[in-house]
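With this note's numbering, you'll find the sequence shown wraps up at 239, consecutive numbering, no jumps.
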Amino acid sequence: MDQSNAIVANISATSEQIRIQERMAIFLALIAGFTDSVGLIKWKTYVSFMSGNTTSMGAALSTDKSGIITTSATVISCFLLGIFAGTCLSLWKKMELKTLPIYIVSGILILYTVSSYFYNIKPIPSVAIVGFSMGIMNTIVTSVGNQKVNTDFVTGTLNSLAIKTAMLTMTNNATEKKEYRSNAIHLLLLWTGFVAGASLAPLLLPYFGNWILGIPAMLLSICAVLISNSTFKL
């Protein structure tokens, strides 16, 4: 009986963990969409959507638009450095504070926001700083249950969504249907979160101006505190 109760408790804990992962992934997708939209409006550059920057850089190479090439190369490089740093943090066995990457991203955005209020920060350092923070954020949640996710890779999310939906349609196995349906819903919610964040930024930017990135920074800080007080970890 004790073993049976332990199994039930473990299943319940796993289900709760998946729900937390799902909410966190949607939240981070919203933050990524919001920040990406701000970058596109203010600097004409994506700060988390590297597919768009790669296309822009490739097109600029043949038209000799050095400004676009420099900006795109800078943000892509800093985004990669952010992913490298975030991955190293996640693999660092001595790191006991699992929410440290969230605090780091929040801290970077807060420092940038305060600095931009007092100083006129040029587009190149702006996209470098924010792109680096988005790279770190990209490593915070990498899966929801057994479904691999990427909170700011929209193309990959839509690709996985279409694949899971097709697999759901083609299978007759009840267990597989449940799994594919669950994964498809996770991916759809992830995409919806990104779109929601991207649509909010243009509405709030006129009111907050240079303080606009303080919004995701504060939301991330609150999220980190809530997770730290939870019994479940990322």
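Glycine included, C-beta positions come from ideal geometry on N, C-alpha and C.
Computed from a prediction, not measured in an experiment: that's the story for all the values here.
Same chain, Cβ closer than 6 Å to residue i, neighbours up to 5 away in sequence not counted
i: Gly136; result: Val52, Val80, Cys83, Phe84
i: Phe54; result: Asp41
i: Ala206; result: Phe39, Ser42, Val43
i: Ser9; result: Because the pLDDT at Ser9 is just 45, under 50, the model does not fix this residue reliably, and the value given afterwards should be weighed accordingly. Around Ser9: no qualifying Cβ.
i: Tyr122; result: Asn215
i: Met29; result: Val146
i: Trp196; result: Thr162
Supposed close pair residue i, residue j - CB separation, criterion 8 Å
i: Pro221; j: Thr40; result: 6 Å
i: Gly38; j: Ala201; result: 7 Å
i: Leu218; j: Thr144; result: Their Cβ separation, rounded to whole angstroms, is 20 Å, which puts Leu218 and Thr144 out of contact at 8 Å.
i: Leu166; j: Leu194; result: Between Leu194 and Leu166 the Cβ distance is about 10 Å, and since that is not below 8 Å, they are no contact.
i: Met100; j: Ala78; result: Met100 to Ala78, Cβ: 31 Å. No contact.
Cα-Cα separation, residue i to residue j
i: Ser111; j: Thr174; result: 41 Å
i: Ile23; j: Gly91; result: 21 Å
i: Ser67; j: Arg186; result: 44 Å
i: Ile103; j: Ser20; result: Per the sequence shown, residue 103 should be read as Lys rather than Ile. Their Cα atoms are separated by approximately 20 Å.
i: Thr50; j: Gly72; result: 11 Å
i: Ser226; j: Trp216; result: 16 Å
i: Ala11; j: Leu209; result: Legend: pLDDT at Ala11 = 40, less than 50; position of this residue unreliable, no value from coordinates given.
i: Leu96; j: Asn177; result: 39 Å
i: Trp48; j: Lys98; result: 38 Å
CB of residue i within 8 Å of CB of residue j, strictly
i: Thr60; j: Val132; result: no
i: Ile113; j: Ile134; result: yes
i: Ile36; j: Leu224; result: yes
i: Val146; j: Leu45; result: no
i: Gly87; j: Gly140; result: yes
i: Leu105; j: Leu94; result: yes
i: Ser56; j: Thr160; result: yes
i: Ile74; j: Gly198; result: no
Residues near residue i in its chain [Cβ-Cβ closer than 7 Å; skip 5 each side]
i: Leu231; result: none
i: Glu184; result: none
i: Ile109; result: Ile141
i: Ile126; result: Ser120
i: Asn245; result: Residue 245 lies beyond the range of the chain shown here (6 to 239); nothing can be said about it.
i: Ile16; result: Residue placement at Ile16 cannot be trusted, given a pLDDT of 40 that sits under 50; what the coordinates show is reported in the next sentence. Excluding residues within five positions, none has a Cβ falling inside 7 Å.
i: Ala203; result: Gly38, Phe39, Asp41, Ser42
Within-8 Å CB hit, residue i to chain D
i: Ile145; result: Of the chains in the structure shown, none is chain D; there is only one protein chain.
Cβ neighbours of residue i in the same chain (closer than 8 Å, five flanking residues each side left out)
i: Ala189; result: Leu166, Lys169, Thr170, Leu173
i: Phe89; result: Gly140
Check: Which parts of the region 109-193 are runs of the alpha helix (DSSP H), unbroken and 4 residues or longer, counting only runs that do not cross its ends?
Finding: As summarised for the region 109-193, the continuous alpha helix (DSSP H) elements at least 4 residues long and confined to that stretch are 128-142, 159-175, given in chain order.
Item checked: Length at least 4, wholly inside the region 71-104: the alpha helix (DSSP H) runs in chain order -> Taken in chain order, the whole alpha helix (DSSP H) runs of length 4 or more contained in the region 71-104 are 71-96.
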